[in-house]
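Residue numbers (my numbering): 22 to 383. Each remark here refers to the structure printed beneath this line.
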Ligand SMILES: *Cc1c(COP(=O)(O)O)cnc(C)c1O
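Take a look at the structure:
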């Protein structure tokens, strides 16, 4: 029984009919970019996410990049983020011409450590990009307090946290802007790349809308150098179908996590720690093991494919060698050697999870 951590085909099989209808509808419409599907999806997803405005863009990385541009963050500015994330969270800062600054994470939740933010703030700091990692909200309430105190902007990286909540409030509704990715393996994923920026700020929404489509105020009238990064009609039509099932898929992920929590005996691995009062949407189920590589090999021999998120904290990647600052971020460094993402997707059965736990416990 090979088990893959990539499940997009699973979801397609389940929703084959409505997805095929959506695709046919787009093909027949003759409009493939910036049409009704994108407009409808933007409205639906904004509503779902508890925010007023949504702008579909090409991917999650561009969502972050355009957010920084809209906030006029650029050369000479610093943006604080976590080293325990997809490199794209910090690449977006580099694209904008600004400098990423890394702050270590909590050793138990792997989320950015809000108590270390203030030490990283300088005169150049303009913004924070907190990441809601693996589907669990970071301590965004505390982060907002620090941001307010130092007049910093906050761009929430929600690329792994569609539908996650802090109390009764969605992630993404705390900061100035929220960025989402619809990469196929995300909790809400298309059949290609896609992303969105969400906000309650009318002015910022208008800026992003201009920026993502060449900065045209009317057709072919470009009032500044804009970008070309749009969500296409096909992805939007498919995402509309999938959005209708997102909560049901999240519930399945939570069930899978509950099985893992119950059946992993906790001697060979440390189970994920969930913060009180949050809705964790389990984009990933990440355990820790002192013998991570051995465990991964053993599971692979049994046909169980696992992944490591992330094998390198960002400050250890050659891509960021150009940063002059040298970092010692011990929690991130240790986690990158111990973290293992067990299979996590809505289609996993009770029997699958039982088998995985049995092998892990041995
Ligand atoms: C996936 C992801 C991104 C980038 O999204 P893309 O759509 O792949 O560009 C950024 N940040 C995080 C935390 C992600 O998981």
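In this text, a Cβ means the ideal position worked out from N, Cα and C, and glycines have one as well.
Return the chain-ordered ranges of every alpha helix (DSSP H) run that is complete within the segment 335 to 368 and spans a minimum of 4 residues.
351 to 359
Thinking C-alpha only, which one of 161, 211, 154 and 341 is nearest residue 188?
161
So who's on the other strand from residue 123, going by DSSP bridges?
102
Between residue 94 and residue 147, is the Cβ-Cβ spacing less than 9 Å?
yes
Cβ of residue 75 within 8 Å of any heavy atom in ligand 1?
no
Determine which residues share a DSSP beta bridge with residue 373 and list them.
None; residue 373 has no bridge partner.
Around the Cβ of residue 363, are there at least 16 other Cβ atoms within 10 angstroms (buried) or fewer (exposed)?
buried
From the DSSP output, read off the bridge partner residues of residue 202.
216
If we count the other Cβ atoms within 10 Å of its Cβ and call it buried at 16 or more, is residue 166 buried or exposed?
exposed
Determine which residues share a DSSP beta bridge with residue 186 and list them.
191 and 300
Excluding five sequence neighbours on each side, which residues of the same chain lie with their C-beta closer than 6 Å to the C-beta of residue 175?
149, 168, 196 and 197
For residue 255 versus residue 76, is the C-beta spacing smaller than 9 Å?
no
Once DSSP output is grouped into helix, strand and coil, what is the label at residue 77?
strand
By Cβ distance below 7 Å, which residues in the same chain neighbour residue 40 in space, the five residues on each side in sequence not counted?
33, 259 and 262
Beta-carbon proximity of residue 282 to residue 297, cut-off 9 Å
no
Would you list the one or two residues that DSSP bridges to residue 311?
Answer by DSSP bridge pairing: none, since residue 311 is not bridged.
Measuring only from the beta carbon, is residue 157 closer than 8 Å to any heavy atom that is part of ligand 1?
no
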